[in-house]
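With full-length UniProt numbering as the guide, the letters of the sequence shown map in order to residues 1 to 334.
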Amino acid sequence: MDFNSIADGVAMSSSQSSYSASSSSSDGDKLYPHLDSFYKESDDDEDFDSIALDESPSFSPRLKRYLFPQKEFVEDLRPEEVRWFYKTDKGKKWSAFIGYDSLRIECRYRALGLNDESGDIDLNDKILVRGGLYEVDVMKNLCTPVYWTEDELSICRGTWFEEGNWQPLPDGYSSQLEVEHMAKFKGEKLVDSAPDPPKGSKPVIHNIKFKDFHVDWNATDEIYKYNESVSSKLMRNVRQSLGWQKSGTRLRRGFCMEAVMDDKPPDVCHLVFVIHGIGQKMDTGSIVRCTKDLRQCVKYMSAKMFPEFDHANKRAEFLPVQWRSSLKLDGGKS
Numbered sequence: 001m002d003f004n005s006i007a008d009g010v011a012m013s014s015s016q017s018s019y020s021a022s023s024s025s026s027d028g029d030k031l032y033p034h035l036d037s038f039y040k041e042s043d044d045d046e047d048f049d050s051i052a053l054d055e056s057p058s059f060s061p062r063l064k065r066y067l068f069p070q071k072e073f074v075e076d077l078r079p080e081e082v083r084w085f086y087k088t089d090k091g092k093k094w095s096a097f098i099g100y101d102s103l104r105i106e107c108r109y110r111a112l113g114l115n116d117e118s119g120d121i122d123l124n125d126k127i128l129v130r131g132g133l134y135e136v137d138v139m140k141n142l143c144t145p146v147y148w149t150e151d152e153l154s155i156c157r158g159t160w161f162e163e164g165n166w167q168p169l170p171d172g173y174s175s176q177l178e179v180e181h182m183a184k185f186k187g188e189k190l191v192d193s194a195p196d197p198p199k200g201s202k203p204v205i206h207n208i209k210f211k212d213f214h215v216d217w218n219a220t221d222e223i224y225k226y227n228e229s230v231s232s233k234l235m236r237n238v239r240q241s242l243g244w245q246k247s248g249t250r251l252r253r254g255f256c257m258e259a260v261m262d263d264k265p266p267d268v269c270h271l272v273f274v275i276h277g278i279g280q281k282m283d284t285g286s287i288v289r290c291t292k293d294l295r296q297c298v299k300y301m302s303a304k305m306f307p308e309f310d311h312a313n314k315r316a317e318f319l320p321v322q323w324r325s326s327l328k329l330d331g332g333k334s
């Protein structure tokens, strides 16, 4: 069985309205601004998700934006609300996969969670992401390049996020928060807390403590994280002694932009192989880095010099050729 059709089918069944919305718009229109403009500063050197033009509108949401009608009750997260991320070992921030990639990873994740014993799902089968340049192993939570050698990237499943920067909480924390939230509030109406009292803190209807922070629920849709560091505690005590509200970071359940299958890179119409010479020296002359720079320059120049080109549906792809190292494709079968 071709799993890709299952993933697409699962996503389609839960996002039927997104397809009807996208079909009525032009091919160049995106239901959301691309995530590249959302992550203006990225610690990931290999920004292969930057398919959108540099002229895309800047976007830095603080609040969630909904594609589907907003929920009225606490329910299980849909695949569109979950967002998968990747990060290098040296990176400080997580970068979000585009909607097309995230949905397919999430559908594979959920299918594996069903403990399918029929053998229809190959556990060793990987999902191509980031324009087909990388592949994801959901079982190992790893993302690796297909056509060159490079350090593996870590991936994580984002369900709970800090409002503002929309970075995902670590999986261990988010899993516990999800269990607590669903056990306590599933089926209840989503509401913010009552208006702020004139003095003192808002009433806490539920809380959970971790080693470095604790989380308070003031309402089913108003949840805050408070650090347990000495400086944070001191500042909270000072604020409370003055009659001010506790200061914390608001948490959001579900990513700020719901994933859609329409959020995918254009088809490749030109393929360019970039080959290094005999003098490549360590990372200073890395053919992978040079290819990345060439890709960005060509993208910028093509948008500037050839604005009539169909950038929304066509793109050129550049692949580095590391002829000093062996490359095994298809598990070494070919």
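Note that CB positions come from ideal geometry on N, CA and C, so glycine has one too.
ask   = In angstroms, rounded to a whole number, what distance separates the CA positions of residue 90 and residue 168?
value = Locating residue 90 in the sequence shown gives position 90, counting from the first residue. Locating residue 168 in the sequence shown gives position 168, counting from the first residue. Distance between the alpha carbons of residue 90 and residue 168: 17 Å.
query = When burial is assigned at 16 or more other CB atoms within 10 Å of the CB, is residue 257 buried or exposed?
reply = On the sequence shown, residue 257 is found 257 positions in, with the first residue counted as 1. Classification of residue 257: buried, given that the 10 Å Cβ count is 16 or more.
ask   = In whole angstroms, what is the alpha-carbon distance linking residue 250 and residue 99?
value = Taking the sequence shown and counting its residues from 1, one reaches residue 250 at position 250. Taking the sequence shown and counting its residues from 1, one reaches residue 99 at position 99. So the two alpha carbons sit approximately 24 Å from each other.
key: Beta-bridge partners of residue 145, as assigned by DSSP   = Looking up residue 145 in the sequence shown gives position 145. In the DSSP secondary-structure assignment, residue 145 is bridged to 134.
key: Exposed unless 16 or more other CB atoms sit within 10 angstroms - verdict on residue 254   = Your numbering for residue 254 matches position 254 in the sequence shown. Buried, by the Cβ-count rule.
request  = Within its chain, find whatever has a CB closer than 6 Å to the CB of residue 148; leave out the 5 residues flanking it on each side and keep chain order.
outcome  = Counting from 1 along the sequence shown, the entry for residue 148 is found at position 148. Excluding sequence positions up to five before and after residue 148, its CB lies within less than 6 Å of the CB of 288, 320, 322, all in the same chain and listed in chain order.
inquiry  = Can you confirm whether the region 213 to 231 touches the region 124 to 144 when touching is taken to mean that 3 or more C-beta pairs between the two stretches lie within less than 8 Å?
reply    = The count of Cβ pairs closer than 8 Å, one atom from the region 124 to 144 and one from the region 213 to 231, stays below three, leaving the stretches out of contact.
task = Return the chain-ordered list of same chain residues with a C-beta closer than 7 Å to the C-beta of residue 54, the five sequence neighbours on each side being excluded.
result = Looking up residue 54 in the sequence shown gives position 54. Residue placement at residue 54 is flagged as unreliable, the pLDDT there being 35, under the threshold of 50; the coordinate-derived value follows with that caveat. Once the five neighbours on either side are set aside, the close Cβ partners of residue 54 are 300, 303.
Which residues DSSP lists as bridging residue 158, in chain order = Your numbering for residue 158 matches position 158 in the sequence shown. For residue 158, DSSP records a beta bridge to 83.
ask   = Where do the ends of the alpha helix (DSSP H) carrying residue 317 lie?
value = To locate residue 317, count along the sequence shown from 1; it is residue 317. No alpha helix (DSSP H) holds residue 317; the beta strand (DSSP E) holding it covers 314 to 321.
According to DSSP, residues forming a beta bridge with residue 206 = Numbered from its first residue, the sequence shown carries residue 206 at position 206. Beta-bridge pairing links residue 206 to 217.
query = Which residue's Cα is closest to the Cα of residue 210: 290, 185, 107, 226?
reply = Walking along the sequence shown from the start, residue 210 turns up at place 210. Of 290, 185, 107, 226, the residue nearest in Cα terms is 226.
message = For the pair the region 257 to 274 and the region 308 to 318, tell me if three or more CB-CB distances fall below 8 Å.
response = The region 257 to 274, when compared against the region 308 to 318, does touch it at the 8 Å Cβ threshold.
ask   = Which value, in whole angstroms, describes the spacing of the CA atoms of residue 187 and residue 72?
value = On the sequence shown, residue 187 is found 187 positions in, with the first residue counted as 1. On the sequence shown, residue 72 is found 72 positions in, with the first residue counted as 1. Their backbone Cα atoms lie some 9 Å apart in a straight line.
task = Over the uninterrupted alpha helix (DSSP H) stretch that includes residue 304, give me the two end residues.
result = Residue mapping note: residue 304 aligns to position 304 of the sequence shown, counting from 1. 287 to 305 is the span of the alpha helix (DSSP H), which, as asked, contains residue 304.
request  = Have a look at 81, 143, 172 and flag the residue whose alpha-carbon is nearest the alpha-carbon of residue 127.
outcome  = As a working mapping, residue 127 is identified with position 127 in the sequence shown. When each option's Cα is compared against that of residue 127, the closest is 143.
query = Exposed or buried, residue 324, counting other C-beta atoms within 10 Å across all chains shown (16 or more means buried)?
reply = Taking the sequence shown and counting its residues from 1, one reaches residue 324 at position 324. Label assigned to residue 324: exposed.
ask   = Pick from 293, 112, 141, 189: whose alpha carbon is nearest that of residue 337?
value = Since the first residue shown for the chain is 1 and the last is 334, residue 337 is missing from the structure and cannot be characterised.
task = List the endpoints of the continuous alpha helix (DSSP H) containing residue 212.
result = Here residue 212 is taken as the residue at index 212 of the sequence shown, counted from 1. Residue 212 -> no alpha helix (DSSP H), and no H or E assigned at all.
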